[in-house]
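**Student:** Got a structure here, written out as structure tokens. Questions coming.
Number of protein chains: 2
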Amino acid sequence: LVHDRNISERELIRRIRGLTDNGSHEAIMGIGDDCAVLRGHGNSVWLITTDTLVESVHFDLAWHPPRQLGRKAANVNISDIAAMGGRAIAALLAIAVPDSEIDWLDEFLAGFVEALKEQGAELVGGDTVKSRDGTVFNVTIVGTMEGPDILYRRGAQPGDLIWISGPVGEAAAGLALLKAGAAGQAAVENKWQHLVKAHVDPEPQIVIGRHLARSGLVSAMIDVSDGLATDLAHICEASGVAAVIRATDLPVSEELAAAAGYLGCSPLEWMLRGGEDYQLLFTAPADREAAIRNLIGDKTGRTIYSVGRIEAGAGVLLHLPDGRRMDVTYQGYDHFSSGRNQSD
Amino acid sequence: LVHDRNISERELIRRIRGLTDNGSHEAIMGIGDDCAVLRGHGNSVWLITTDTLVESVHFDLAWHPPRQLGRKAANVNISDIAAMGGRAIAALLAIAVPDSEIDWLDEFLAGFVEALKEQGAELVGGDTVKSRDGTVFNVTIVGTMEGPDILYRRGAQPGDLIWISGPVGEAAAGLALLKAGAAGQAAVENKWQHLVKAHVDPEPQIVIGRHLARSGLVSAMIDVSDGLATDLAHICEASGVAAVIRATDLPVSEELAAAAGYLGCSPLEWMLRGGEDYQLLFTAPADREAAIRNLIGDKTGRTIYSVGRIEAGAGVLLHLPDGRRMDVTYQGYDHFSSGRNQSD
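Each protein sequence line maps, in turn, to chains A and B. Using my numbering, you'd call the opening residue of the first sequence number 1343 and step up by one each time. Using my numbering, you'd call the opening residue of the second sequence number 1343 and step up by one each time.
This is the structure in structure tokens:
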């Protein structure tokens, strides 16, 4: 989900966090990571995450067909389970609708349950209420995994490499194409299809997340929901470190480059601050580079990308080809493009 | 919560239920009871419930001070845990607000966490997003209990007595007083205080629910959130039985009678269709009447009320002093007062 990124939201989260009680008897981790973690039997833990999707804020019914929206409502939350290294087992869905649009909801529900089934998870509870205006969904996903394998946002160390499980910025490009009207029904069949799907029907990276968690090779992990610059800033804040992204190491597909040219946009901006990619962003000691690349290549056939390095300090810096380093912490490319930068 | 009671919502819930997979490996109970039930270690289970509160539909900021609203947001969901016989251990809170009202939210959060602490539960996760219009909260509560003790809606048998853990209709009376402007700040200090509190700051009946679940004396249970007639209809539908409520056995406090007189309302209407009481509604074999009354009296000092009897058949009937029986299934007193009735 594209969350409100203003200070007051982070301030609010800080206040909520001040009210929580981490490390108590039953909760291992409270607010401050992708999921809450509750102790299960033996080494096993339960992962729980909740997320709200608001019409016109998080989705636009003009380009989210109900079936794909149902899939996305499930998958963006399953992605939070992936971000810890777990697997999803159950979901609860609360729907607030202004009036009863049964046909639309049937399709939404079919997509929601289809996405759950792809993960071996099931719909176990829910709630339907009237809303005053617009549709609001709340999704709660329950997952499980072995406790010692959990990958938190904290844990990144200076010297670690920064990895992404796939290209970022594609969902932002897809959204830009949809907004520009360049990806209508006919166009979806053609060259923008992959980018539009990245926005409309993203895939949670459960399989890669589970392999990484069980490998013991990784020091910190999160999913890219709010954009690379912001989500990497979460890892840095939780770990007490800085991060440097090398602009030239970010993978740019031909499609992304073509869409950027077509719309006159910057692919770098999409890659840094485009949210909703739901790729995994993780860090690992540099000497495990080959082991990680081989593990994921062997198990999944997927290419993953090393895009920078953790350093001592704080914040997220973008290393440009000319050697300059721009602070892109949280504010992402907006902050960078407004001219405030730091050279070092 | 006062849910939308129209057919389309029940139709929607039926459709959602058709998509769920009860009795699968990890879920013991899916949609169709107060909580979803997931297998835990050994005999223990996890209870999960989620609920959405929409401004102007479920709460009115004019008479819900933020601290009490925070308490209520927690407690109405904790009540769903009580309705199975469990205890609450953790909560997740998702907040959608149109803009940042930090002071208001601070008070709301303080009330939310206060109510959790009263139950030994803690806030472990959450989400904040922007809403387009109005405030929407979603609360997910996780509870636990021993699996064999779970009290479902199904299980009521002909001949069972119908019980309530305390008076119903008081929250509806409190709301009517607030709507009539008869319970402003000064008036809250006086004779309506108890009724107004029943609406603004209801108590979940966790302690009574746990005693009942562990006693093995009870056949079915639910909490009164949508009104006695509707929630009893849920038990009847799930159990395949009918219920007869004796109007003269419903407890009417002096305050309730006085408020009804003051406003020119029917206490019976409040008792039958007034939602949000959050008392427990349960059934048990008639020969356990003394055992149940003594158990709750000894353990809690509370008086509970036997208000009717389960019969073979379907639907909820109201037995009036003149011997007539009115069908009040789901539609509650509205249905009754519209003149449609059945004599038998």
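From the three backbone atoms N, C-alpha and C, an ideal C-beta is built for every residue, glycine too.
Just how far apart, CA to CA, sit alanine 1600 of chain B and tryptophan 1534 of chain B?
**Tutor:** 9 angstroms
**Student:** Taking threonine 1391 of chain B as the query, report the chain A residues whose CB atoms sit under 7 angstroms from its CB, ordered along the chain.
**Tutor:** Gly1467
**Student:** Helix, strand or coil: how does DSSP classify histidine 1541 of chain A here?
**Tutor:** Note: histidine 1541 of chain A maps to helix in three-state DSSP.
**Student:** List, in chain order, every chain B residue whose beta-carbon is nearer than 7 angstroms to that of alanine 1436 of chain A.
**Tutor:** Thr1392, Asp1393, Thr1394 and Asn1480
**Student:** Short of 8 angstroms Cβ to Cβ, which residues in the segment 1552 to 1577 of chain A face chain B?
**Tutor:** Of all residues in the segment 1552 to 1577 of chain A, none is placed with a Cβ closer than 8 angstroms to any Cβ belonging to chain B.
**Student:** So, is the C-beta of aspartate 1445 of chain B closer than 8 angstroms to a C-beta in chain A?
**Tutor:** Output row for aspartate 1445 of chain B: interface = no.
**Student:** Nearest-angstrom Cα distance between alanine 1438 of chain A and glycine 1476 of chain A?
**Tutor:** Each residue's alpha carbon lies about 8 angstroms from the other.
**Student:** Between which two residues does the beta strand (DSSP E) harbouring tyrosine 1647 of chain B extend?
**Tutor:** 1647 to 1653
**Student:** Assuming contact is defined by CB atoms lying nearer than 8 angstroms, are isoleucine 1504 of chain A and valine 1387 of chain A in contact in what I supplied?
**Tutor:** no
**Student:** Please confirm whether leucine 1493 of chain B and leucine 1434 of chain B have their CB atoms less than 8 angstroms apart.
**Tutor:** In this structure, leucine 1434 of chain B does not lie closer than 8 angstroms to leucine 1493 of chain B by Cβ.
**Student:** Under 8 angstroms, Cβ to Cβ, is there at least one residue of chain A near serine 1421 of chain B?
**Tutor:** no
**Student:** Is the beta carbon of valine 1670 of chain A sitting closer than 8 angstroms to the one on leucine 1662 of chain A?
**Tutor:** no
**Student:** Output the distance between the C-alpha atoms of alanine 1632 of chain B and isoleucine 1646 of chain B, rounded to the nearest integer angstrom.
**Tutor:** 11 angstroms
**Student:** Can you say whether leucine 1614 of chain A is buried or exposed, counting buried as having 16 or more other CB atoms within 10 angstroms of its CB?
**Tutor:** buried
**Student:** Is any beta-carbon of chain A found at less than 8 angstroms from that of alanine 1432 of chain B?
**Tutor:** yes
**Student:** Taking DSSP as the reference, what is the three-state secondary structure of methionine 1563 of chain A?
**Tutor:** strand
**Student:** I want to verify the contact list: residues of chain A whose CB lies under 8 angstroms from the CB of cysteine 1377 of chain B, in sequence order.
**Tutor:** Gly1467
**Student:** Exposed or buried, glycine 1643 of chain B, counting other C-beta atoms within 10 Å across all chains shown (16 or more means buried)?
**Tutor:** Per the 10 Å Cβ criterion, exposed.
**Student:** Rounding to the nearest angstrom, what Cα-Cα distance links lysine 1641 of chain B and isoleucine 1564 of chain B in this structure?
**Tutor:** 21 angstroms
**Student:** Measuring only the C-alpha atoms, how far is aspartate 1619 of chain B from serine 1421 of chain A?
**Tutor:** 38 angstroms
**Student:** I'd like the list of long-range same chain contacts for alanine 1424 of chain A, defined as Cβ closer than 7 angstroms, with 5 residues on each side in sequence excluded.
**Tutor:** Here the set comprises Pro1546, Gln1547, Ile1548, Gly1551, Asp1565 and Leu1622.
**Student:** Residues of chain B with a CB under 8 angstroms from the CB of histidine 1400 of chain A: which are they?
**Tutor:** Val1471
**Student:** Just curious, the alpha helix (DSSP H) that arginine 1666 of chain B is in, first and last residue?
**Tutor:** Element bounds for arginine 1666 of chain B: n/a, residue is neither H nor E.
**Student:** Helix, strand or coil: how does DSSP classify threonine 1470 of chain A here?
**Tutor:** strand
**Student:** Under three-state DSSP, which class holds glycine 1485 of chain A?
**Tutor:** strand
**Student:** Taking the alpha-carbon positions, what's the leucine 1592 of chain A to cysteine 1377 of chain A distance?
**Tutor:** 27 angstroms
**Student:** Tell me which same chain residues have a C-beta within less than 6 angstroms of the C-beta of tryptophan 1612 of chain B, skipping the five on either side of it?
**Tutor:** Answer for tryptophan 1612 of chain B: Gly1511, Ala1514 and Ala1515, listed in chain order.
**Student:** Out of B:Ile1634, B:Glu1653 and B:Ala1602, which has the shortest C-alpha to C-alpha gap to arginine 1588 of chain B?
**Tutor:** B:Glu1653
**Student:** I want to see whether chain B comes within less than 8 angstroms of aspartate 1475 of chain A, judged by CB atoms only; does it?
**Tutor:** yes
**Student:** Between the alpha carbons of glycine 1485 of chain A and alanine 1463 of chain A, how many angstroms are there, rounded?
**Tutor:** Put simply, the backbone Cα of glycine 1485 of chain A is about 9 angstroms away from that of alanine 1463 of chain A.
**Student:** Less than 8 angstroms between the C-beta atoms of phenylalanine 1624 of chain A and alanine 1584 of chain A, yes or no?
**Tutor:** With contacts defined by Cβ atoms closer than 8 angstroms, phenylalanine 1624 of chain A and alanine 1584 of chain A do not form a contacting pair.
**Student:** State the DSSP-derived secondary structure class of leucine 1520 of chain B, mapped to helix, strand or coil.
**Tutor:** In this structure, leucine 1520 of chain B counts as helix in the three-state DSSP scheme.
**Student:** Report yes or no: is there a C-beta of chain B within less than 8 angstroms of the C-beta of leucine 1517 of chain A?
**Tutor:** no
**Student:** Can you pull the DSSP bridge partners for isoleucine 1504 of chain A?
**Tutor:** A:Thr1625 and A:Gly1650
**Student:** Report the CB separation of alanine 1416 of chain A from phenylalanine 1454 of chain A in whole angstroms; it is logged as a contact under 8 angstroms.
**Tutor:** 5 angstroms
**Student:** Quick check on the DSSP output: the alpha helix (DSSP H) that includes arginine 1556 of chain A runs from which residue to which?
**Tutor:** The continuous alpha helix (DSSP H) containing arginine 1556 of chain A extends over residues 1548 to 1557.
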